[in-house]
Structures are given as C-alpha cells and as structure tokens.
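Here's the structure we're looking at; comments come further down.
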Amino acid sequence: MSVHSMIVLLLLVTLCAHGGKGEESAGAPRSGHVSVVIVGGTGDLAKKYLWQGFFELYVHQVGSGNTFSFYGGGLSPADAATPALFEILKAVSCSKDASEERCALLKEQFLRLARYRQLKTLEDYQALAEHIGRELQQEGITEAGRLFYLSLPAFAYVDVADKINRSCRPTGGPWLRVVLEKPFGHDIRSAEVLATQLEGSLKDEEMYRIDHYLGKQVVAKILPFRVENKKFLDPIWNKHHIERVEIVMKETLDVKGRISFYDQYGVIRDVLQNHLTEVMTLLMMRLPTNLSSSEEILQRKLQIFSSMLPLRKNQAVVGQYQAYQTTVQQETNKTKDHVSRTPTYAAVLAHIDEAQYEGVPILLISGKMLDERVGYARILFKNDVFCLQSRDGVHCKPKQIVFYFGHGSLQYPAVLVSKNLFRPVVTDSEWTEVTEHTDVNILGLPISDYYVQTPTEQKEAYSELISQIFAGCKNNFISTENLLASWGLWTPLLNSLAGTYPRIYPGGGDNRDLLDIRVNGKDVGYTREVVIISPEQMGATSANSFQVMQGNFRRADMVSAWPEELVERLAADIQKEAEAAVREGNVFHLAISGGSTPLALFHRLALHHFSFPWSHTHVWMVDERCVPLTEPESNFRGLHDHLLQHVRIPYFNIHPMPVQLNQRLCVEEDRGAALYEKEISGMVHGSSFHFVLLGVGYDGHTASLFPGGKADEVGEGLVALTESPLKPHQRMSLTFSAINRARTVALLVMGKGKHELISQLSRVSDKPDKWPVTGVKPADGRLVWYIDYDALLG
Ligand code: BG6
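Under mature numbering (1 follows the signal peptide of the UniProt record, and there is no 0), residues -22 to -1, 1 to 772 are what the sequence shown spells out, in order.
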C-alpha cells in the first residue's frame, strides 16, 4: 500500500469513527436541526450510557451548524416521568479538558433542549411529529434528520417502528435513522421474521442495529491495526503460524434482575452470537481495500460466515452457575421442580474452512459468575524455538497479539504485541504507545514483554456509536445479511444443545479448574471429568467397574466397559489385527460402517494410534447412503472427516462405495454394487476382510441390511442395493455373504438408548429377516461384541 493510500484510508477511518462524514451521506452532509428521540428514555441503558452519549455528541457539534432537540420517550405520562428524566440528564459528565464553567453551561443548554414525551399510542407519535414540525417552522430552521433510539424490549420493535413510519417520517430530504438494540431474534427463523416485519416500516439504510462491542475502541482498532501492520502480519496470519485464536469475555456478575430475558436466551445468544462473533469476523476476514466501505466490510464478513465449518454439539461445552436455579424460581413463576437448562457459561470451538486458516482452533468463550471481569481476543502464535538454558529470553516466551477490550488487571483498553513478534506502528494520532508500566502480567507475559498501544482518550462504546449514527457511518452496525449469517451459524448448535444439561459451577474463584476446556481435534470438552455415577451405583458388574470386562453375548465373545475404555480397547484390538495381517501378508483390509457410534473410535485411532500401519491398510465401506459423498449424510464423508483426513493413508488404499455413477445415485443399471464387488474380489484375498466393524440400529439392522430385506441381501453376492425405512431410503451395503467371510467381525453398541435393544437381542433366536444382526455369523472367523455399560446395563 502506498503512503498516499494509507493516509487516505486512515483519514476515512478517522472520519467515520469520529462523527464526520460517512459514506451514506456522501456529498456535503446536510446540516440543520436534528431531533433525537430515545424511546425508553428513562430505562437502564438510557440512564447508564445513552444520554451521556448524546450529551457528548451535542458537545462535539456545538458550533457545527447543527442544532438539536432531545426527547426522552416512554409509556408513563409526562408529569410522572419528567422528574426522573431530569435526574438522569443532570448526571451527564463533561470530558476532562472542559472547565467547570464551560461544563455547567453545556449541561444547562443540553437540559434546556431536552424534554419528556409520552409515547404510547399512534396519536402520541403523531403529536410528536406535529410538535417537531411546529418548532422547525417557528424557528425558521431546516431539518437535517430524525434519530429514534429504541431502547426497548425487542417485542416492541415492530409496533414502534410501524408508528414511527406512519407518523414521524420527515418529508423532503431529511434523514430518518432508527437504532435498535439486540436481541434481534432468538434463532434464524425468528430473526428472519423480525427482519421482514421491520422491513415493512423501515428501509435497510435507516436501521442501525447496535452491537456495542463494535464501538469499543480496541474492537474498532482491529481492522486498522491489521492494515497498519500488514507487512508484519501478512507472513504470519495463517495456519502455519497461528496456534489458536481465543475470543473471551469473562464476567463476575450474575443475572439477577434480568432472568425473564436471560432465561430465554442464555450466554450463547446473549454474547457469543453477537459480540464474540463480530470480533471473530474482524480478526479473520480478508482485509478490505477500503476500511470506510461498509459494503466491502460486509462482503468480507459474509465470506467468513460462509467458510465456517458447521458447529456441532461436541464443539461446545456449557455450564450454569449454581445459584441460577434459585434466581429463576424467585424471578419467574416457575414451580420448585422446574429445571432451567439455560447456560450461563459456554466455550465453543470454531474452524474456518479456508486454506489460510485450516485447522486453526478458534475459541469463543464467555460466562457469568467467573473469577474476573475481562474481555480480550488473543492470537497465539506457534513458537518453534527451543530454549535450552535462557528460558527467560524473550524468544522463549509466548508469541501473541492481544486485543484487550478492557477491565481485568490492565484496567485500560490496549493492543499488546509480544516483543518477540514485531514492533507495531502507531500512525493514528488517537493512539499512543505506553512505555511506563505497572507490574502486571497479561496472559502469561509481564507487560514489559509487550509493545503496548492504548487510545489517548478512553471513550465509551455507546458514545462512539452514537457519533457514528449521527454521521451516517454504517460499518460498525449489523446489517440484515450479517445478522442472518450469524444466526445461520449458531442456530444448528443451539438446537443440538437444547437437551443438554449444563455443568453446574459454584461461581467466582471456587470454580477453580471446573470450567477448563481441552481442544481435542475438532472437538472440545471439559478437562475435568465429573463422575456422576459411582461404581457402587452401577450394581451388578465387577468390583472395579472402570475396568474392561469380558464375557459372552449371544454365544459370541463380548467386551464391555465404560465408553471411553471400550473405544480404547476396540482401537487397540484393531491395531493388533492390523499389525498381524501386515506381518503375514503386508496388507490389512478393514471394512467400516457409518453412523455416529464409530466416531469416537475414529477419533481414538486418529489421535492415539500413530504407529497404526495405515500405509498398508485398505479401507472399505460396509455400507453407504445413496447421496453424493460430499454430503454430511454420507458415511464416507463422516469417515473422511473424522478419520481419513487425519491419518497418513495413501489415496489408492481408500475405497468409497460407488453410489454415484453417470451423475445419478444408486441406479440398478449403473451396476455400482457389482463394481464394488469386483473391486473387493480383485483386491481382497478370498473376499475375506481382515476386520469388519459393524453397528446395530434400534430396529436390529446392521450394515444397511434392514428387517424384511430383499433376497439378494442374503444371497451369494457381496454387495447389494438395499432399502432403509429411514431417509435416505436407498443404500448400498455389504451382504451377509461378504460380512460372514471376514476374519473378525466387531459389533459395536453404545449408549443408554441401545439398552432395550440389547435386552431383546439377548433373548431372541437367529432370525435375520426380523433381526438382521442375528445373521452375522462369520463362517471361519470370529465375532466380538463391544457393548458399553450404558447399553448393557441401562
Ligand atoms: C451485553 C450482554 O450485551 O453485554 C450482557 O447482554 C453483558 O449480558 C454485556 O453483561 C457485557 O458488556 P461489557 O461492555 O461490559 O463487556
């Protein structure tokens, strides 16, 4: 980037950030009179941040040619609410550099311009509009625009937006801007409904959806920082250098007083879906060429959303602070036995499916009732230096960039770059380098090991955003597309977590390591297992119930254990067989089923069995759904994502089932089953797999051999097209004939849900047409059941 373009860029950023001309008001900004209406003007948010923000706007605009009226609106009649409003207004404060006299004068003027208005009915809004019109006429001034700030519960938005549209729209040129606070829906569907309803009253450019994190100085600095330091960051902003990204917002407070809202939302909807997601997109998006273009920034953000890998259930852990239930009972009319599963803590692991960030873990974490209040985004880089003796040397320490939003031990917002990375440039006059430090440690490094930048003047997020709304700068607001893309990412995870019980934590320092998490491949879990069932409670089994137990089931061998131990044992058994086969014939033929049960096994193999002879292993499919292999439903896709892509297996050794031929799926004439059979006969000695891994469905099916299946499934052929009662109906499957030629067949059954099935199977005789799994009887090989304690004992 040339120096000239850099200056232009910074100028644009500065203009947008400090209430100058925004791109939406291109050309000369229309100066004149501005009416500001805070609907909900005596509420909490207005009291804490909004009036202060509008006061600062007013102060900045004195002498600019703009004049103002301020209205605090509410449902109460004016005589009741006016005193409360004035109490709030009197509390606004001036910046440090204003003299006492000037401050008093400014406050007095501000107070004179403000008044309360009851805004309940359409007539109230009409009366307000008439009042504004009258004042403009009396004063003989032109109107610049009308700004409505809806500081209201979300259910009121549509109605109020409609009233504004019907009665308060300025005519003939002045702008209308309507500001909305989250929540913007509850999931993708409700967000779509709300967006459509609002579109009936307001144009997209008139709506300013606030995410106050985008007004935080450090968050707003992320993109400019990335641009200013592009030459240092470009070579390292990728998977080869980034170890992980952490976006964290910890709070010490509980949610007392907010339960009626909070209990319906929880921490993922309250914080992760919006604040933390926005920060993530700013960190990961491709840099826009023009930082002032809200359209370009939006497109870059949307690109990130479209490359996010879907968030699955095992990419999240949730918790709830212990006292939460009591507060729910106190603040709602719920009975004593009502149990809320709303999470107050969540840690989510995300990944971006782009070559630049492939495999880089992105953690989004937030919670109430934690040990400290702090917010930051940390980019931790890999450090390939080995320090033999000089462990205190700067090159031995963590390499990281921390965008420190505020609070915590540092107490001021800052961007910190560890000194073993680079010295960041400071080109923005509103930022300065801090060189005098108190003795404080930030994320594992003493502050003196960082280059630290901080804003010259600290500003409240709301004040920043209010001045941007006034300037018509939209890059720090949430557009409809952005909102829906974010809900599109979060809704499936929220749905899959709906039945999950959060881990209960005591709160504060007592949480100790209870909420610590570990990234395990693509999954995340708590580091500390909480054992809920004691061995005694388990009843019937051996004294030490955590051990693996061996026995018999349906006249075959059975191994049983807790899920983790069971999977560990099965993985070890497969490796043993693989090594024996490779010793004997230099090749191991493994046929694997689909479904969710084997996923834990795949992870175990990928993460613990580094000496597995993959280069001599051929992987075959036991069955496949008739969908393209790239679909999430495809068994091969599951196998690929959870195992194959993590191990070093030659491509030639992988044998997906040919369900898609001639651009169509599982058509008899395409003879896919015969093709696979030919491949097996050609490569596998005697068509006898060394190891076949099977599961059992609730209806007793195994592979894709279902109750009441067709004759060719039990005939001589090795592979058949079959029908499933479940979608997708069409399947391709190994037949009994193929399965029963195997040397070893393992039947893996896990989970409480399979207990009933196991009880039934223990009683029924061999009836493959009714209970297909009973048709699994290796002719010369061995059958072993692997059943976890949940399935075995319920
Ligand atoms: C709000 C959430 O959006 O952000 C609150 O609704 C949360 O639950 C707050 O406490 C945190 O904001 P900040 O600026 O204090 O980090």
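Where a beta carbon is used, it is the ideal one built from N, C-alpha and C, also for glycine.
Pick from S396, L130, L63 and L250: whose alpha carbon is nearest that of F210? Sequence index remark: in the sequence shown, residue 210 carries index 232 (1-based). Distance from the Cα of F210 is smallest, within the candidate group S396, L130, L63 and L250, for S396.
Confirm, please, whether the CB-CB distance from V404 to Q431 is below 7 Å. Taking the first residue of the sequence shown as position 1, residue 431 is located at position 453. Taking the first residue of the sequence shown as position 1, residue 404 is located at position 426. A contact, by the Cβ cut-off of 7 Å.
Regarding D182 and the ligand BG6, is the C-beta to nearest heavy atom distance less than 6 Å? Within the sequence shown, numbered from 1, the residue matching residue 182 stands at position 204. Checking every heavy atom of the ligand BG6 against the Cβ of D182, none is found closer than 6 Å.
Give the secondary structure of V380 by DSSP, where H, G and I count as helix, E and B as strand, and everything else as coil. Within the sequence shown, the letter at position 402 stands for residue 380. In the structure shown, V380 sits in a strand (DSSP, three-state: E or B).
With three or more C-beta pairs closer than 8 Å as the rule, is the stretch 208 to 225 touching the stretch 334 to 349? Yes: the two stretches touch, three or more of their Cβ pairs being nearer than 8 Å.
Considering only heavy atoms of the ligand BG6, does any lie closer than 6 Å to the CB of D551? Taking the first residue of the sequence shown as position 1, residue 551 is located at position 573. For D551, the shortest C-beta to heavy atom distance toward the ligand BG6 is 6 Å or greater.
Taking 6 Å as the cut-off, is the C-beta of D349 nearer than that to any heavy atom in the ligand BG6? Looking up residue 349 in the sequence shown gives position 371. Look at D349: its beta carbon is at least 6 Å from all of the heavy atoms in the ligand BG6.
According to the Cβ coordinates, are E256 and R351 closer than 7 Å? Locating residue 256 in the sequence shown gives position 278, counting from the first residue. Locating residue 351 in the sequence shown gives position 373, counting from the first residue. Their beta carbons are not under 7 Å apart, which means E256 does not touch R351 by this criterion.
Based on Cα-Cα distance, which residue from P636, H618 and M635 lies nearest to P628? The residue you call residue 628 lines up with position 650 of the sequence shown. Of the candidates P636, H618 and M635, the one whose C-alpha sits nearest the C-alpha of P628 is H618.
Cβ of G386 within 6 Å of any heavy atom in the ligand BG6? As a position in the sequence shown, residue 386 is number 408, starting the count at 1. G386: no, Cβ never under 6 Å from the ligand BG6.
Nearest candidate by alpha-carbon position, reference L265, set D212, D75, L467 and L643: Residue mapping note: residue 265 aligns to position 287 of the sequence shown, counting from 1. Nearest C-alpha to L265: D212.
By how many angstroms is the C-alpha of L761 removed from the C-alpha of Q334? Counted from its first residue, the sequence shown places residue 334 at position 356. Counted from its first residue, the sequence shown places residue 761 at position 783. Going from the Cα of Q334 to the Cα of L761 covers about 46 Å.
Going by C-alpha distance, which of W153, K68 and E101 is nearest residue 774? This structure gives no information on residue 774, because the portion of the chain shown stretches from -22 to 772.
Throw me the rounded Cβ distance for the Y440 and L28 pair, which I believe falls under 8 Å. Within the sequence shown, residue 440 is the residue found at index 462, counting from 1. Within the sequence shown, residue 28 is the residue found at index 50, counting from 1. So it is a contact: roughly 6 Å between Cβ atoms.
Taking the Cβ atom as the reference point for each residue, do residue 775 and I237 lie within a distance shorter than 7 Å? With the chain covering -22 to 772 only, the question about residue 775 has no answer from this structure.
Secondary structure at G52, three-state DSSP: helix, strand or coil? Taking the first residue of the sequence shown as position 1, residue 52 is located at position 74. DSSP places G52 in the strand class (E or B) of the three-state scheme.
By how many angstroms is the C-alpha of V14 removed from the C-alpha of R95? Walking along the sequence shown from the start, residue 95 turns up at place 117. Walking along the sequence shown from the start, residue 14 turns up at place 36. Between R95 and V14, the alpha-carbon positions lie close to 12 Å from each other.
Beta-carbon contacts of V625 that lie in its chain and below 8 Å, excluding the five residues immediately before and after: Counting from one through the sequence shown, the residue named residue 625 turns up at place 647. Correct list, in chain order: L583, A584, F590 and W592.
Please tell me whether, using a cut-off of 6 Å, the distance from the CB of D232 to the nearest non-hydrogen atom of the ligand BG6 is below it. Looking up residue 232 in the sequence shown gives position 254. No.
Can you tell me where the alpha helix (DSSP H) with F32 in it begins and where it stops? Within the sequence shown, the letter at position 54 stands for residue 32. F32 -> alpha helix (DSSP H) spans W29 to Q39.
Locate the beta strand (DSSP E) running through Q251, then write down its first and last residues. Your numbering for residue 251 matches position 273 in the sequence shown. From DSSP, Q251 is part of no beta strand (DSSP E); its letter is neither H nor E.
Buried versus exposed call for A139 [16 or more other C-beta atoms within 10 Å across all chains shown]: Numbered from its first residue, the sequence shown carries residue 139 at position 161. Buried: at least 16 other Cβ atoms inside 10 Å.
Are F383 and K234 close, meaning C-beta to C-beta below 7 Å? Position 405 of the sequence shown holds residue 383. Position 256 of the sequence shown holds residue 234. Not a contact, by the Cβ cut-off of 7 Å.
Short CB-CB distance (under 7 Å) between E459 and chain D: Among the chains of the structure shown, chain D does not appear; only one protein chain is present.
Within 6 Å: the Cβ of D22 and any heavy atom of the ligand BG6? Here residue 22 refers to the residue found at position 44 when the sequence shown is read from its first residue. Checking every heavy atom of the ligand BG6 against the Cβ of D22, none is found closer than 6 Å.
H316, DSSP secondary structure in three states: On the sequence shown, residue 316 is found 338 positions in, with the first residue counted as 1. Of the three classes helix, strand and coil, the one that applies to H316 here is coil, per DSSP.
Could you tell me the distance, in whole angstroms, from the CA atom of A569 to the CA atom of A294? On the sequence shown, position 591 is the one that residue 569 refers to. On the sequence shown, position 316 is the one that residue 294 refers to. If I take the Cα positions, the gap works out to 31 Å.
Using a Cβ-Cβ cut-off of 7 Å (strictly less than) and excluding sequence neighbours within five positions of I765, which residues of its own chain qualify? To locate residue 765, count along the sequence shown from 1; it is residue 787. If you ignore the 5 residues before and after I765, its C-beta comes within less than 7 Å of the C-beta of F531, M536, S538, V727 and I736, all in its own chain and listed in chain order.
Who are the near neighbours of H190 in its chain, counting only those whose CB is closer than 7 Å to its CB and skipping five residues on each side? Counted from its first residue, the sequence shown places residue 190 at position 212. A distance below 7 Å between beta-carbons, with the five flanking residues on each side excluded, links H190 to the following residues of its chain, in chain order: A439, Y440 and L443.
In whole angstroms, give me the CA-to-CA distance for D57 and Y135. Here residue 57 corresponds to residue number 79 of the sequence shown, with the count starting at 1. Here residue 135 corresponds to residue number 157 of the sequence shown, with the count starting at 1. Rounded to whole angstroms, D57 to Y135 spans 25 Å at the Cα level.
Cβ of D601 within 7 Å of Cβ of S711? Numbered from 1 along the sequence shown, position 623 holds the residue referred to as residue 601. Numbered from 1 along the sequence shown, position 733 holds the residue referred to as residue 711. Closer than 7 Å, so yes.
Under a three-way DSSP split, which group does K705 fall into? The residue you call residue 705 lines up with position 727 of the sequence shown. DSSP places K705 in coil when its eight states are reduced to three.
Is the beta carbon of D241 within less than 6 Å of some heavy atom of the ligand BG6? Taking the first residue of the sequence shown as 1, we reach residue 241 at position 263. No, the ligand BG6 has no heavy atom inside 6 Å of this Cβ.
State the DSSP-derived secondary structure class of residue 790, mapped to helix, strand or coil. Past the boundaries of the shown model lies residue 790; the chain is included only from -22 to 772, so the question cannot be answered.
Let me confirm a value: D248 is counted as buried when at least 16 other C-beta atoms fall within 10 Å, else exposed. Which label applies? Working through the sequence shown from its first residue, we reach residue 248 at position 270. With 16 or more other Cβ atoms within 10 Å, it is buried.
Where does L394 fall in DSSP's three states? For the purposes of this step, residue 394 is taken as residue 416 along the sequence shown, with counting starting at 1. Per DSSP, reduced to three states, the secondary structure at L394 is strand.
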